[in-house]
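Residue numbers (the UniProt record's numbering): 1 to 237. By construction, the Cβ of each residue, glycine as well, lies at the ideal position given by its N, Cα and C atoms.
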Ligand code: ADP
Ligand code: ADP
């Protein structure tokens with residue numbers, strides 16, 4: 001379970017991107033984060049994975065406060081959080097399989113010789129994940145040979161490969177057509193449900209959020225202005 005307590009972020013420029021945001025995401029819940037551009041959605045996600053230092057507040061993942069960690073601890077704690085990105089962030093010249101494994105092992109130079117020496121269970125598990133996202137037949141293709149939807153499937157498998165306790169998903173379908181977007185959202189929500197994996201999904205597309213999210217949090221000017229079920233969302237939230 002993830003709990004944010006009074007999370008605030010003011011950038012050095014003076015922009016108050018988040019003000020006193022408090023919320024919990026329980027196990028298995030998939031929460032959509034909506035709001036106009038500049039509302040603070042990216043800042044919220046970046047605070048949780050600690051690409052951004054919050055100005056105040058606590059970020060509890062289980063009973064660890066991610067705000068108060070040294071560098072080494074932070075690296076370890078970050079592995080508990082799986083990230084999925086808008087532009088997929090794959091390593092284009094590596095294969096699908098290598099990209100998935102990179103979620104588990106981290107990026108290492110001299111990949112192929114490293115993988116040959118690396119013991120089997122991770123590879124077996126990566127095949128299972130590729131099967132789950134429908135890419136088992138593409139394992140040995142280079143990432144740059146895939147369509148956008150397929151790339152995002154690799155992104156999902158890579159995030160799962162590290163056995164995360166939380167998924168942070170930043171505009172996963174912003175680069176995809178509507179039909180592919182729905183397929184990706186369906187896959188993502190099914191996988192979260194299967195694993196009881198909580199997720200925060202930064203999602204621009206409100207109808208898509210309403211179709212797939214169990215809960216929607218609306219941000220405006222850095223504050224929570226809506227927190228409820230998708231069907232309670234009114235037009236001006
Ligand atoms: P959203 O993701 O909802 O579009 P952001 O979190 O990107 O919102 O931005 C929230 C506010 O913080 C905006 O006013 C934005 O200009 C500001 N902001 C975002 N990143 C930075 C930064 N690195 N430095 C200064 N201000 C920033
Ligand atoms: P997106 O909304 O696609 O995530 P943004 O346009 O908000 O991207 O931000 C692009 C980059 O610029 C990010 O690194 C963000 O932190 C930074 N940024 C955004 N707003 C500001 C700002 N007002 N001042 C300085 N940096 C900013």
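Under 9 Å between C-beta atoms of residue i and residue j
i, j, result
"residue 200", "residue 45", "yes"
"residue 218", "residue 227", "yes"
"residue 4", "residue 23", "yes"
"residue 101", "residue 122", "yes"
"residue 80", "residue 164", "yes"
"residue 245", "residue 172", "Here the chain has residues from 1 to 237 only, and residue 245 is not among them."
Rounded straight-line distance, which links the Cα of residue j to that of residue i
i, j, result
"residue 188", "residue 137", "20 Å"
"residue 124", "residue 157", "13 Å"
"residue 153", "residue 63", "31 Å"
"residue 145", "residue 96", "10 Å"
"residue 185", "residue 209", "9 Å"
"residue 18", "residue 224", "9 Å"
"residue 175", "residue 86", "7 Å"
"residue 203", "residue 167", "14 Å"
"residue 14", "residue 41", "17 Å"
"residue 70", "residue 214", "34 Å"
"residue 194", "residue 132", "11 Å"
"residue 25", "residue 68", "20 Å"
"residue 216", "residue 21", "14 Å"
"residue 12", "residue 37", "19 Å"
"residue 229", "residue 181", "21 Å"
"residue 147", "residue 47", "31 Å"
"residue 234", "residue 74", "39 Å"
"residue 54", "residue 212", "29 Å"
"residue 190", "residue 151", "18 Å"
Cβ shell of residue i (< 7 Å), same chain only, five flanking positions each side left out
i, result
"residue 183", "149"
"residue 109", "Low confidence applies here, because residue 109 scores a pLDDT of 49, under 50, leaving its location unreliable; read the following figure in that light. The answer is none, since no qualifying residue turns up."
"residue 16", "10, 222"
"residue 56", "6, 8"
"residue 99", "90, 91, 143, 154, 158"
"residue 206", "34"
Exposure of residue i, with buried meaning 16 or more beta-carbon neighbours within 10 Å
i, result
"residue 35", "buried"
"residue 88", "buried"
"residue 51", "exposed"
"residue 72", "exposed"
"residue 170", "buried"
"residue 43", "buried"
Among the options, nearest to residue i - alpha-carbon criterion
i, options, result
"residue 30", "220, 197, 218, 234", "197"
"residue 192", "23, 160, 18", "160"
"residue 104", "93, 94, 82, 190", "82"
"residue 1", "65, 93, 207, 213", "65"
"residue 49", "39, 38, 61", "61"
"residue 162", "151, 129, 180", "129"
"residue 39", "220, 234, 229", "220"
Cβ neighbours of residue i in the same chain (closer than 6 Å, five flanking residues each side left out)
i, result
"residue 28", "196"
"residue 140", "95"
Cut-off 8 Å between Cβ atoms - residues of its own chain near residue i, not counting five sequence neighbours on either side
i, result
"residue 94", "102, 111, 142, 143"
"residue 78", "49, 50"
Any heavy atom of ligand 4 within less than 6 Å of residue CB: hits in chain order = Only ligand 1 and ligand 2 can be found as ligands here, which leaves ligand 4 out of the picture.
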